[in-house]
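Engineer: For the sequence shown, the numbering used here assigns the number 17 to the initial residue and increments by one for each residue that follows. Just so it is clear, CB atoms sit at the ideal spot from N, CA and C, and this is done for glycine as well. The structure under discussion is supplied below as structure tokens; questions concerning it will follow.
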Amino acid sequence: MVIQCWLRSGRQLCCTASALSDDGRKLMRIDEAIRELQRSDPGSAQLSAFYPAIDCLCQAFLDGPVSVRERIIAATKTARIPLLGYAWYSAEEAVRTGAPDRVIRGLTALVIEGGTEDLRDSIMRLAVLFHSAVLLQMDAGRVFADAARCSNNSALADEIRLFPGRTPEARDLPAFMVRGRGNGREFRYEFEGASYQPKGRRLWPWQKRR
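Laid out in structure tokens, this is it:
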């Protein structure tokens, strides 16, 4: 009996140590991904160079507790442009590879970015992510609602949650001067007309139609 108890306790200790070791490795990966974003200048590199780090952070955000999510959000405030680029890339990659989880990761990147400067930038990414979700026959309403619950910005959370319920005129790609082109691995989203919205411009086409 004593030997059995000792063996059982030993197994429990080993399992606990293993779990702690796994948690430690996860935190190390998160810290490394954060450092990768923080020490790089988005203006001097291709955005795709940041995507492996963002991919790691998105997965950690989805899997982690609130404390991990808050840590990631706080540490990536200077990574706005790569996060927005990753969301757009994820929408394209979801269709190219037929992978619904890419839509979820793209939404996660928007939640991490938090709509910090201009919600219109986030909303345009919502449009392509929604279009990809529809193409992949996902339950867009549920997926967007799940992402909205993770946002600590109430305005962004509302935009994410309500986007699938917009009228087609305010939700479809033409409202954002965007179209999907190509098939399979060649699929991509492209701007039609002006690709830049100057700061002085207050309304997107979809806002004028409301």
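Short of 8 Å in beta carbon distance, which residues of its chain neighbour Asp174, apart from the five on each side in sequence? Order them along the chain.
Structural biologist: Ala164
Engineer: Can you tell me whether Leu152 is helix, strand or coil according to DSSP?
Structural biologist: coil
Engineer: Below 6 Å CB to CB, which residues in the same chain sit around Val119 once its five sequence neighbours on both sides are set aside?
Structural biologist: Ala110, Leu145, Ser148, Ala149
Engineer: Would Phe179 pass as a contact of Phe192 if the rule is Cβ separation under 8 Å?
Structural biologist: no
Engineer: Quick check: the Cα distance between Asp79 and Ala171, rounded to an integer number of angstroms?
Structural biologist: 24 Å
Engineer: Which ranges does the alpha helix (DSSP H) cover as unbroken runs of at least 4 residues, wholly within the segment 116-192, from first to last along the chain?
Structural biologist: Counting whole runs of 4 or more residues, the segment 116-192 contains the alpha helix (DSSP H) stretches 116-129, 135-151, 156-165, 170-178, 184-187.
Engineer: From the DSSP output, in three-state form, read off Arg204 for me.
Structural biologist: strand
Engineer: When the Cα of Leu123 is compared with those of Gly198, Arg41, Ser167, which residue comes out closest?
Structural biologist: Ser167
Engineer: Quick check on Arg121: buried or exposed, where buried means 16 or more other Cβ atoms within 10 Å of its Cβ?
Structural biologist: buried
Engineer: Determine the burial state of Met44: buried for a count of at least 16 other Cβ atoms within 10 Å of its Cβ, exposed for fewer.
Structural biologist: Of the residues assessed, Met44 falls on the exposed side of the cut-off, its CB having fewer than 16 other CB atoms within 10 angstroms.
Engineer: Near Ser106, what residues of its chain come up, given a Cβ to Cβ distance below 6 Å and the 5 sequence neighbours on each side ignored?
Structural biologist: Arg118, Arg121, Gly122
Engineer: With a 10 Å radius around its C-beta and 16 neighbouring C-beta atoms as the bar for buried, classify Ala82 as buried or exposed.
Structural biologist: According to the sequence shown, residue 82 is Val rather than Ala. When all chains shown are included, Val82 counts as exposed.
Engineer: As a quick exercise: from Lys93, Ile46, Arg55, Arg96, pick the residue whose alpha carbon is nearest that of Cys74.
Structural biologist: Ile46
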